[in-house]
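Below is one structure, written out as structure tokens, with a few remarks after it.
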Amino acid sequence: MIFTATTTPAARRSVYAPALRSLDRFLDDALTAARQGTTQFKDEGAHWSLAIDVPGVSREQLSIAIEGQNVTVETVEGAPRQYKKRYELAQDIDAAASQAKLENGVLTLTLTKLQPASKATTLQIG
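Position 71 (the sequence shown) corresponds to 70 in numbering that gives the first Met the number 0; numbering is contiguous.
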């Protein structure tokens, strides 16, 4: 009986492995960005304008919460697309004077800045 010993590498490295890993990372980043949508932010003096891409989501499937200087936009359970994002602004927001509209998959928030009440008092000279 004759035995022959052969040696084969346990794991062969493909010359394409680095390129495939780069392609995987690129596609993961691109698909993650597509799921999260894009956001455009503008400071327009008395208010902020926030435009968020939320394609495939209706008005009824969105929830917007304003608390102090934080705005949370999220989809409700059962929506075809899941989205949840919290934005922290530099100043408190006047929720009563703010507006939201949804057109062609773009949610536009007009967030009015809350003007701080003056705490100054007048002193009489005696």
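Yeah, the Cβ is synthetic: ideal placement off N, Cα and C, and Gly gets one too.
Where residue i falls, given that 16 or more other Cβ within 10 Å makes a residue buried
{"i": "residue 108", "result": "buried"}
{"i": "residue 124", "result": "exposed"}
Where residue i sits in the DSSP three-state scheme
{"i": "residue 60", "result": "helix"}
{"i": "residue 91", "result": "coil"}
{"i": "residue 113", "result": "coil"}
{"i": "residue 80", "result": "coil"}
{"i": "residue 135", "result": "Since the first and last residues shown for the chain are 0 and 125, residue 135 lies out of range."}
{"i": "residue 122", "result": "coil"}
{"i": "residue 18", "result": "helix"}
Counterpart residues of residue i in DSSP-defined beta bridges
{"i": "residue 52", "result": "105"}
{"i": "residue 39", "result": "50"}
{"i": "residue 85", "result": "71"}
{"i": "residue 65", "result": "70"}
Assumed close pair residue i, residue j - CB separation to whole angstroms, cut-off 8 Å
{"i": "residue 37", "j": "residue 49", "result": "Not really, about 11 Å apart at Cβ, beyond 8 Å."}
{"i": "residue 111", "j": "residue 45", "result": "7 Å"}
{"i": "residue 106", "j": "residue 72", "result": "7 Å"}
{"i": "residue 98", "j": "residue 68", "result": "Incorrect: roughly 17 Å between the Cβ atoms, too far for contact."}
{"i": "residue 92", "j": "residue 70", "result": "7 Å"}
{"i": "residue 26", "j": "residue 61", "result": "28 Å between Cβ atoms; not a contact."}
{"i": "residue 82", "j": "residue 53", "result": "6 Å"}
{"i": "residue 65", "j": "residue 94", "result": "4 Å"}
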